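Comments concern the structure below.
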Amino acid sequence: MDSYFEQGVKLTGTFRVKGVVHFDGEFQGELFSEDHFIVGKSGKLVGDIRTFEISNMGSIQGNIVAENKVSLLSESRLVGDITAHHLVIEEGANFEGRCKMIDSTPKSRKAQAEKPAKPAEKMEATAGSAPGKRGRKAAAFAGVAVLGAGLAFLYPTFFTDKIDTLVQRGNGYLAQKKYSEAEAEFSKALQLSKASPEAYAGLGEAYLNKNMFAEAVTQLKRAVELKPSQSAYLVKLGEAYAGKGQTPEAEQAYKRSLEIDPKNDEGHYGLAALYIAGNNQEKAMESLEKAIALNARSHKYRRALGQLFSEKGDTDRAQKEFRQAIDLKKDDPNLHFSMGELLFKIGKEDEGVKEFKTAIDLFPQNFQAQVRLADWYFQKGLLDESLKSYKAAETLQPQNPDVLLRLGILYSDTKQLQKAKSAFQKVVKLNPQDGDSYFRLGKILMAEKKYKEAQEAFQSAVSLNPQNPEVHYELGNALLESGEADLAVKSLKDASDMEPKNTAYLIALGKAHAIKKDLDAAIETLQSALAIEPESKELSFELCNTYSKKGYFSIAINHCKKVLALDGADYEAMNRLAWLYAKKKTNLDQGLSLSMKTVEAFPDRAEFIDTLSEIHFVRGETEKALENIKRAMDLSPEDNYYKQQLWRFKNAKP
Numbered sequence: 021m022d023s024y025f026e027q028g029v030k031l032t033g034t035f036r037v038k039g040v041v042h043f044d045g046e047f048q049g050e051l052f053s054e055d056h057f058i059v060g061k062s063g064k065l066v067g068d069i070r071t072f073e074i075s076n077m078g079s080i081q082g083n084i085v086a087e088n089k090v091s092l093l094s095e096s097r098l099v100g101d102i103t104a105h106h107l108v109i110e111e112g113a114n115f116e117g118r119c120k121m122i123d124s125t126p127k128s129r130k131a132q133a134e135k136p137a138k139p140a141e142k143m144e145a146t147a148g149s150a151p152g153k154r155g156r157k158a159a160a161f162a163g164v165a166v167l168g169a170g171l172a173f174l175y176p177t178f179f180t181d182k183i184d185t186l187v188q189r190g191n192g193y194l195a196q197k198k199y200s201e202a203e204a205e206f207s208k209a210l211q212l213s214k215a216s217p218e219a220y221a222g223l224g225e226a227y228l229n230k231n232m233f234a235e236a237v238t239q240l241k242r243a244v245e246l247k248p249s250q251s252a253y254l255v256k257l258g259e260a261y262a263g264k265g266q267t268p269e270a271e272q273a274y275k276r277s278l279e280i281d282p283k284n285d286e287g288h289y290g291l292a293a294l295y296i297a298g299n300n301q302e303k304a305m306e307s308l309e310k311a312i313a314l315n316a317r318s319h320k321y322r323r324a325l326g327q328l329f330s331e332k333g334d335t336d337r338a339q340k341e342f343r344q345a346i347d348l349k350k351d352d353p354n355l356h357f358s359m360g361e362l363l364f365k366i367g368k369e370d371e372g373v374k375e376f377k378t379a380i381d382l383f384p385q386n387f388q389a390q391v392r393l394a395d396w397y398f399q400k401g402l403l404d405e406s407l408k409s410y411k412a413a414e415t416l417q418p419q420n421p422d423v424l425l426r427l428g429i430l431y432s433d434t435k436q437l438q439k440a441k442s443a444f445q446k447v448v449k450l451n452p453q454d455g456d457s458y459f460r461l462g463k464i465l466m467a468e469k470k471y472k473e474a475q476e477a478f479q480s481a482v483s484l485n486p487q488n489p490e491v492h493y494e495l496g497n498a499l500l501e502s503g504e505a506d507l508a509v510k511s512l513k514d515a516s517d518m519e520p521k522n523t524a525y526l527i528a529l530g531k532a533h534a535i536k537k538d539l540d541a542a543i544e545t546l547q548s549a550l551a552i553e554p555e556s557k558e559l560s561f562e563l564c565n566t567y568s569k570k571g572y573f574s575i576a577i578n579h580c581k582k583v584l585a586l587d588g589a590d591y592e593a594m595n596r597l598a599w600l601y602a603k604k605k606t607n608l609d610q611g612l613s614l615s616m617k618t619v620e621a622f623p624d625r626a627e628f629i630d631t632l633s634e635i636h637f638v639r640g641e642t643e644k645a646l647e648n649i650k651r652a653m654d655l656s657p658e659d660n661y662y663k664q665q666l667w668r669f670k671n672a673k674p
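Numbering (this note's numbering), first residue to last: 21 to 674.
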């Protein structure tokens with residue numbers, strides 16, 4: 021700003037000025053300006069105005085001819101006609117008149133009014149006066165004019181120095197990333213003058229860095245209006261528009277910045293960022309290559325270009341760009357992370373891990389690098405290292421459900437079930453739509469024998485993943501353990517319908533039918549599974565048990581024999597076969613031998629000792645039967661079945 025006229029100054033006549041002028045006084049007459057004339061909020065002008073550019077924040081009554089632009093700002097008033105190349109009317113401005121637009125802009129700000137320059141006309145006082153007193157009034161006003169002129173030269177110097185100091189301080193805060201402090205300094209500067217483009221630009225940049233994009237646009241637009249030749253302001257305006265999602269306006273701002281300064285590399289980079297967001301890789305690469313041609317030492321440009329080459333599949337060129345970027349700025353963790361991602365992509369995982377580690381060393385808070393490294397360790401089976409990296413990632417983002425899910429899996433794999441349960445509980449709280457975490461939580465609750473809680477977790481998992489047979493299977497198991505056999509059959513049937521050849525699902529379904537005492541359905545289900553997997557000892561054993569419950573002891577014996585043929589050390593099958601021999605009162609010597617083997621292997625299994633006592637009783641060895649059943653009772657004193665056996669052995673005959 022070259023001159024400033026404060027509130028209280030009153031002028032009349034013809035007024036010719038050069039440079040940028042801020043006018044907050046009162047004027048009546050004809051005004052000629054070669055540059056930007058700013059009417060402040062207190063400014064009141066009556067008369068015609070001819071200027072290069074004008075911004076009105078006050079009141080004007082008269083016609084305006086502007087070689088370039090007329091800006092009517094909020095709460096301003098104009099009664100008169102406008103002739104201009106460009107017109108801006110803000111919301112809240114009052115304009116009463118007509119407007120005529122000029123076809124082309126002037127070649128320079130020095131384009132003059134059509135009339136030749138005239139000698140300055142004599143200024144007159146605004147107050148009307150009697151003829152006799154006119155001389156004294158004029159003389160008095162001349163004194164005021166001299167004083168006003170003195171102030172006009174003093175004020176610009178004082179305020180300019182003060183504004184420059186505030187702007188400089190604000191820019192310092194911007195460099196330190198102290199955006200709130202910067203905002204305060206630029207706001208102070210604008211309280212002194214509304215004509216400082218540097219203050220508007222600085223305030224806009226502060227808002228931009230605080231992601232206050234709408235506010236940034238307002239301030240940066242004002243900076244551009246006051247200093248349209250400054251390409252840097254247009255670049256920042258483009259960034260603000262992009263932040264608001266106004267892509268066409270952002271593109272226009274970047275292109276205008278390049279029209280003003282074709283060597284403006286930031287303008288090309290801004291366009292590239294827009295094209296990347298719009299998935300226009302070719303244009304983005306073209307803009308980035310132009311930016312690099314203007315500024316070959318920008319690691320930021322080379323990283324962006326490397327990313328595009330990587331996405332395009334040109335990994336050699338991508339690697340070259342990343343290497344050059346790292347050479348320019350070795351301490352940038354993001355560059356090492358990008359290089360690590362590329363190296364993983366081309367199968368050089370060991371080299372990629374080194375880059376991730378470098379990124380973490382440079383910036384331990386690099387969440388992406390921590391997670392990427394943890395994933396790699398996990399895939400390699402290095403669970404301890406993976407757990408360490410995931411814990412580091414958790415400290416950075418403790419509410420990240422993906423990290424918590426991975427931690428839960430790792431804790432599960434390393435048998436830290438309480439920590440795993442806590443992690444999965446956090447995941448489902450943060451992301452109630454994560455069916456996998458409900459499923460994993462349910463399995464831990466099953467291991468803890470908290471069947472009702474497990475049932476609830478599996479039911480949530482089923483509602484989220486109804487097409488996953490394994491979820492139905494686990495829900496069926498939980499229902500069985502909770503004593504809800506009818507519901508268990510339904511869930512297990514759903515699972516086996518989805519995977520009809522999955523024998524694990526069929527075995528569970530067969531067990532559920534047996535618990536319901538629907539033995540025919542159980543046998544049918546288990547036989548269908550045996551047809552799929554005839555050498556399954558588990559299936560043969562379940563058929564042995566089910567036929568035993570049905571009273572078909574001979575068939576049951578055959579199935580138990582098959583189990584032992586497949587696995588001679590299956591003690592459950594030995595015990596069941598010995599019991600069947602006792603019931604059938606056949607092969608008692610072999611039954612005794614089998615039973616003694618089971619008790620020798622598991623001397624504290626009450627059910628095995630009970631079978632041995634049964635064999636002795638059937639063999640007529642009552643004393644041995646009583647001795648063994650008492651041992652079983654000592655091991656399971658609450659089991660009434662053993663008490664019944666004791667009474668039977670004492671009172672019944674074999």
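By construction, the Cβ of each residue, glycine as well, lies at the ideal position given by its N, Cα and C atoms. Quick caveat, the model's predicted, so the values are computed rather than measured.
Residue range Leu437 to Leu450 is occupied by the alpha helix (DSSP H) that includes Val447. In the same chain as Lys513, and ignoring 5 residues on each side of it, the C-beta atoms closer than 8 Å to its own belong to Leu529, in chain order. Taking 8 Å as the upper bound for CB-CB distance, Gly428 and Arg392 are not in contact here, some 19 Å apart.
Under the three-state reduction of DSSP, Phe561 is assigned to helix.
Residue pairing by DSSP places Ile109 opposite Leu92 in a beta bridge. Contact check for Gly49 against Gln27 fails: the beta carbons are separated by 8 Å or more.
The closest CA to that of Gly640, considering only Ala221, Lys673 and Asp540, is found on Lys673.
Partner residues in the beta bridge of Cys119, as assigned by DSSP, are Ile102. Take Gly258, set aside five residues on each side of it, and the residues of its chain with a beta-carbon closer than 6 Å to its own are Ala270, Ala273, Tyr274 and Gly290, in chain order. The count of Cβ pairs closer than 8 Å, one atom from the region 357-377 and one from the region 328-348, reaches three, so the stretches are in contact. Less than 8 Å separates the beta-carbon of Asp630 from that of Ile649. Pairing Tyr661 with Phe628, the inter-Cα distance amounts to about 14 Å. Tyr24 sits in a strand when the DSSP states are folded into three classes.
According to DSSP, His56 shares a beta bridge with Glu73. For the pair Phe561 and Glu592, the CB atoms are nearer than the 8 Å cut-off. Closest in alpha carbon position to Pro489, among Lys510, Ala474, Tyr431 and Gly372, is Lys510. Counting along the chain, Phe35 sits inside the beta strand (DSSP E) bounded by residues Lys30 to Val37. Beta-bridge analysis with DSSP links Phe43 to Phe25 and Val59. Going by DSSP, Ser249 is part of no beta strand (DSSP E) at all; its letter is neither H nor E. Contact between His533 and Thr545 holds, with the beta-carbon distance rounding to 6 Å and staying under 8 Å. Annotation: the continuous alpha helix (DSSP H) that includes Ser480 extends over Tyr471 to Leu484.
Taking C-beta separations shorter than 6 Å and ignoring five residues to either side along the sequence, the partners of Leu186 in its chain run Glu205, Lys208 and Ala209, following chain order. Distances from the CA of Ala498 to each of Met518, Glu473, Leu614 and Ser483 were compared; the closest alpha carbon is that of Glu473. Straight through space, the alpha carbons of Met594 and Lys644 are spaced by roughly 20 Å. Remark: C-beta atoms of Leu586 and Glu555 approach each other more closely than 8 Å. Counting C-beta atoms within 10 angstroms of its own C-beta, Asp454 has 16 or more neighbours from the protein chains shown and is therefore classed as buried. For Gln81, the enclosing beta strand (DSSP E) covers residues Ser79 to Gln81.
The continuous alpha helix (DSSP H) containing Leu546 extends over residues Leu539 to Ile552. Counting the other CB atoms within 10 Å of its CB gives Arg322 a total of 16 or more, which places it among the buried residues.
Annotated as distal: Ser358 and Gly333, with beta-carbon spacing of 8 Å or more.
Just measuring C-alpha positions, the residue of Phe47, Asp609 and Thr618 sitting nearest Gly588 is Thr618. Secondary structure note for Lys64: its beta strand (DSSP E) is the uninterrupted segment Lys64 to Val66. Of the other Cβ atoms in all chains shown, 16 or more fall within 10 Å of the Cβ of Cys580; this residue is therefore buried.
If you look at Asp454, you'll find it isn't in any alpha helix (DSSP H); DSSP assigns it neither H nor E. Taken through DSSP and simplified to helix, strand or coil, Ala86 comes out as strand. Here DSSP, grouped into helix, strand and coil, assigns Arg317 to coil.
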